[in-house]
Ligand code: GLU
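In the working numbering, the protein residues as written are 87 to 513.
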């Protein structure tokens with residue numbers, strides 16, 4: 087079996103068929119620049135000491151300081167974090183941000199920890215990696231199972247170590263702690279901008295477009311809510327425990343309210359004052375949700391959800407990858423054969439890091455933007471870069487994924503070759 091990083095790299099190799107990259111560039115994108123493994127001792131509430139394993143991988147910083155989130159998940163490992171740091175490098179280049187790519191993570195089941203234990207763990211992680219991060223070096227952010235509160239603790243720990251306030255060291259902080267407006271919804275909003283650009287070519291009006299969404303975390307929820315507000319028909323939703331599918335359109339906000347109230351996904355058709363009516367819904371597993379016959383399938387959970395095992399059973403017309411790496415390279419081939427359009431992660435979910443970039447700019451200048459400025463700038467970047475990728479795919483007859491990689495690699499390769507390559511020095 088190939089490692090996730092080998093899978094990630096295979097996309098780069100695929101793109102090399104369409105572009106002549108200098109050996110220098112290829113060689114530099116084979117390995118991460120720096121990979122740090124740390125152990126984080128945490129005093130638990132019962133007095134016991136537990137030691138957690140954490141990582142921070144900085145893949146490439148040719149285009150700027152490295153950037154990428156931190157995830158808390160029991161399956162975190164170095165191979166996964168390295169792959170994610172590679173994808174961050176490509177992603178920042180696809181949308182033209184002046185950043186390289188990085189990623190971090192801690193192997194932990196966060197739900198098993200009390201809030202105080204979680205705070206100690208978050209602060210311990212920053213003490214362990216403080217030497218290699220910084221506003222001009224490497225800037226972490228939220229990812230799977232981390233949020234604004236955790237970013238606030240982490241930033242605060244960094245200030246205590248450095249003895250100064252350096253808010254640009256971490257993005258995705260709470261708004262009251264120098265975070266940016268719109269960061270919370272940015273990944274979902276950015277994905278929706280990309281989808282809207284894509285659907286233009288199909289003359290599919292929102293009210294005639296059905297959507298099933300796997301993953302109801304921050305990105306999946308905000309995407310669902312914003313798409314519903316535009317009139318799209320959300321017919322199925324799932325979280326890690328399972329999902330619901332309904333003939334009545336689901337209102338993501340009401341589903342979320344219900345989930346927060348009793349920790350299960352239930353479909354509320356409407357809530358008027360205290361009177362809530364449940365919509366007719368069926369319970370589906372995560373696997374079944376993927377196989378629904380919908381216009382758009384949104385993957386907003388984790389890696390490798392569509393693989394050789396289930397690719398043949400997918401019936402959606404378009405797939406929107408909000409998660410990082412949800413489709414394996416083998417599955418990509420099957421979907422291509424079936425004529426399913428895959429809008430790739432390195433473009434679709436780049437709204438998150440784009441508003442992170444805005445947060446970093448605001449923190450460094452000390453001047454803060456309002457919601458409409460954030461949204462307007464985000465829309466401009468996502469619309470422009472999405473159309474750049476779509477045009478490239480059309481011109482070169484490439485899959486959207488290969489076109490996105492090519493678009494990003496062109497920028498990375500441009501930066502690397504400006505330092506001089508073998509060809510240049512042999513002149
Ligand atoms: N974790 C997010 C991602 O995978 C955001 C990264 C960031 O904001 O730096 O794109």
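Note that CB positions come from ideal geometry on N, CA and C, so glycine has one too.
### Task
Would you tell me roughly how many angstroms separate the C-alpha atoms of residue 442 and residue 146, rounded to the nearest one?
In the chain shown, counting from the first residue as 1, residue 442 sits at position 356. In the chain shown, counting from the first residue as 1, residue 146 sits at position 60. If you draw a straight line from the Cα of residue 442 to the Cα of residue 146, it is about 18 angstroms long.
### Task
Please confirm if the region 125-133 is in contact with the region 106-116, defined as three or more CB-CB distances below 8 angstroms between the two stretches.
Cβ pair count under 8 angstroms is below three, so no.
### Query
How about residue 73: is its Cβ closer than 6 angstroms to a heavy atom in the ligand GLU?
In the structure as shown, the chain begins at 87 and stops at 513. Residue 73 is therefore absent and cannot be evaluated.
### Task
Give the straight-line distance between the Cα atoms of residue 179 and residue 490, rounded to the nearest whole angstrom.
If you number the chain shown from 1, residue 179 lands on position 93. If you number the chain shown from 1, residue 490 lands on position 404. Rounded to whole angstroms, residue 179 to residue 490 spans 10 angstroms at the Cα level.
### Query
With DSSP run on the structure shown, which of helix, strand or coil describes residue 426?
Translated into positions along the chain shown, residue 426 becomes position 340. The answer is coil: DSSP assigns residue 426 none of H, G, I, E or B.
### Query
From which residue to which residue does the beta strand (DSSP E) around residue 377 run?
As a first step, residue 377 must be located in the chain shown, where it is residue number 291. Looking at the DSSP string, residue 377 is not in any beta strand (DSSP E), and its letter there is neither H nor E.
### Message
Alpha carbons only, please: which of 252, 397 and 391 is nearest the one belonging to residue 220?
### Response
In the chain shown, the residue the question calls residue 220 occupies position 134. Nearest of 252, 397 and 391 to residue 220, Cα basis: 252.
### Query
Can you find a heavy atom of the ligand GLU that lies under 6 angstroms from the Cβ of residue 272?
Your numbering for residue 272 matches position 186 in the chain shown. If you check the C-beta of residue 272 against the ligand GLU, you find no heavy atom less than 6 angstroms away.
### Task
Output yes or no for whether 7 angstroms exceeds the beta carbon distance between residue 234 and residue 450.
As a first step, residue 234 is located in the chain shown; it is residue number 148 there, counting from the start. As a first step, residue 450 is located in the chain shown; it is residue number 364 there, counting from the start. The Cβ atoms of residue 234 and residue 450 lie no closer than 7 angstroms to each other.
### Query
Can the beta-carbon of residue 438 be found less than 7 angstroms from the beta-carbon of residue 257?
Stepping through the chain shown from its first residue, residue 438 is reached at position 352. Stepping through the chain shown from its first residue, residue 257 is reached at position 171. No, the Cβ-Cβ distance between residue 438 and residue 257 is not below 7 angstroms.
### Task
Using the DSSP secondary-structure output, state which residues sit across from residue 193 in a beta bridge.
Here residue 193 refers to the residue found at position 107 of the chain shown. Partner(s): 159.
### Query
Below 8 angstroms, can you find three or more Cβ-Cβ pairs linking the region 113-127 to the region 397-407?
Look at the beta carbons and you see the region 113-127 not touching the region 397-407: under three pairs across the two are nearer than 8 angstroms.
### Query
Does the distance from the C-beta atom of residue 520 to that of residue 127 stay below 7 angstroms?
Past the boundaries of the shown model lies residue 520; the chain is included only from 87 to 513, so the question cannot be answered.
### Task
Determine the burial state of residue 389: buried for a count of at least 16 other Cβ atoms within 10 Å of its Cβ, exposed for fewer.
Indexing the chain shown from 1 puts residue 389 at position 303. Per the 10 Å Cβ criterion, buried.
### Message
What does the alpha-carbon distance come out to for the pair residue 335 and residue 349?
### Response
Along the chain shown, one-based indexing puts residue 335 at 249. Along the chain shown, one-based indexing puts residue 349 at 263. Each residue's Cα considered, the two are about 21 angstroms apart.
#### Entry: Buried versus exposed, by CB contacts within 10 Å (16 or more), residue 304
Sequence index remark: in the chain shown, residue 304 carries index 218 (1-based). Buried.
#### Entry: Status (buried if at least 16 other CB within 10 Å, exposed otherwise) for residue 151
For this step, residue 151 is matched to residue 65 along the chain shown. Counting the other Cβ atoms within 10 Å of the Cβ of residue 151 gives 16 or more, which makes it buried.
#### Entry: Spatially closest choice to residue 444 from 406, 192 and 153, by CA coordinates
Within the chain shown, numbered from 1, the residue matching residue 444 stands at position 358. Measuring C-alpha to C-alpha distances from residue 444 to each of 406, 192 and 153 identifies 153 as the nearest.
### Message
Using 8 angstroms for Cβ pairs, my map puts residue 190 next to residue 228. What's the rounded Cβ distance?
### Response
Reading the chain shown from its first residue, position 104 is the one you call residue 190. Reading the chain shown from its first residue, position 142 is the one you call residue 228. Actually they are not in contact, since the Cβ atoms of residue 190 and residue 228 sit about 11 angstroms apart, beyond 8 angstroms.
### Residues near residue 454 by beta carbon distance below 6 angstroms, same chain, minus five either side
Stepping through the chain shown from its first residue, residue 454 is reached at position 368. Excluding residues within five positions, the ones whose Cβ falls inside 6 angstroms are 448.
### Message
Looking at residue 277: is its Cβ nearer than 7 angstroms to the Cβ of residue 408?
### Response
Indexing the chain shown from 1 puts residue 277 at position 191. Indexing the chain shown from 1 puts residue 408 at position 322. When the beta-carbon positions are compared, residue 277 and residue 408 come within less than 7 angstroms of each other.
### Task
Specify, as a first and last residue, the run of the beta strand (DSSP E) that residue 130 falls within.
The residue labelled residue 130 in the question sits at position 44 within the chain shown. Run containing residue 130: none; DSSP gives neither H nor E here.
### Task
Quick one: give me the first and last residue of the beta strand (DSSP E) that residue 243 is part of.
Taking the chain shown and counting its residues from 1, the one referred to as residue 243 is at position 157. Careful: residue 243 lies outside any beta strand (DSSP E), inside the alpha helix (DSSP H) at 234-248.
### Nearest candidate by alpha-carbon position, reference residue 102, set 496, 139, 395 and 328
Here the question's residue 102 lines up with position 16 in the chain shown. Closest by alpha carbon: 496.
### residue 231 - containing alpha helix (DSSP H), residue span
As a working note, residue 231 is residue 145 in the chain shown. Per DSSP, residue 231 lies in no alpha helix (DSSP H) segment and is marked neither H nor E.
### Message
Considering only the alpha carbon of each residue, which of 471, 513, 484 and 483 lies closest to residue 494?
### Response
Taking the chain shown and counting its residues from 1, the one referred to as residue 494 is at position 408. Among 471, 513, 484 and 483, the Cα nearest to that of residue 494 belongs to 471.
### Opening and closing residue of the beta strand (DSSP E) in which residue 356 lies
Translated into the one-based positions of the chain shown, residue 356 becomes position 270. For residue 356, the enclosing beta strand (DSSP E) covers residues 354-358.
### Message
In chain order, what are the residue ranges of uninterrupted alpha helix (DSSP H) at least 4 long that sit wholly in the region 282-351?
### Response
Every alpha helix (DSSP H) stretch that sits fully inside the region 282-351 and reaches 4 residues is listed by chain position as 304-315 and 338-348.
### Query
Hey, residue 90 and residue 169: beta-carbon distance below 7 angstroms or not?
One-based indexing of the chain shown puts residue 90 at position 4. One-based indexing of the chain shown puts residue 169 at position 83. Closer than 7 angstroms, so yes.
### Message
Taking 7 angstroms as the threshold (C-beta atoms), are residue 382 and residue 433 in contact?
### Response
Within the chain shown, residue 433 is the residue found at index 347, counting from 1. Within the chain shown, residue 382 is the residue found at index 296, counting from 1. No; because the gap between Cβ atoms is not below 7 angstroms, this pair is not in contact.
### Query
Among 479, 325 and 241, which has the Cα closest to the Cα of residue 205?
In the chain shown, residue 205 corresponds to position 119, counting from 1. Among 479, 325 and 241, the Cα nearest to that of residue 205 belongs to 241.
### Task
Excluding the 5 residues preceding and the 5 following residue 181 in the sequence, name in chain order all residues of the same chain whose CB lies nearer than 8 angstroms to its CB.
For the purposes of this step, residue 181 is taken as residue 95 along the chain shown, with counting starting at 1. Taken in chain order, the residues that qualify are 433, 436, 439, 440, 467, 468 and 471.
### Message
Can you check which of these residues, 156, 370 and 200, is closest to residue 193 by C-alpha distance?
### Response
Start at 1 with the first residue of the chain shown, and residue 193 comes out as number 107. Here the closest residue by C-alpha is 156.
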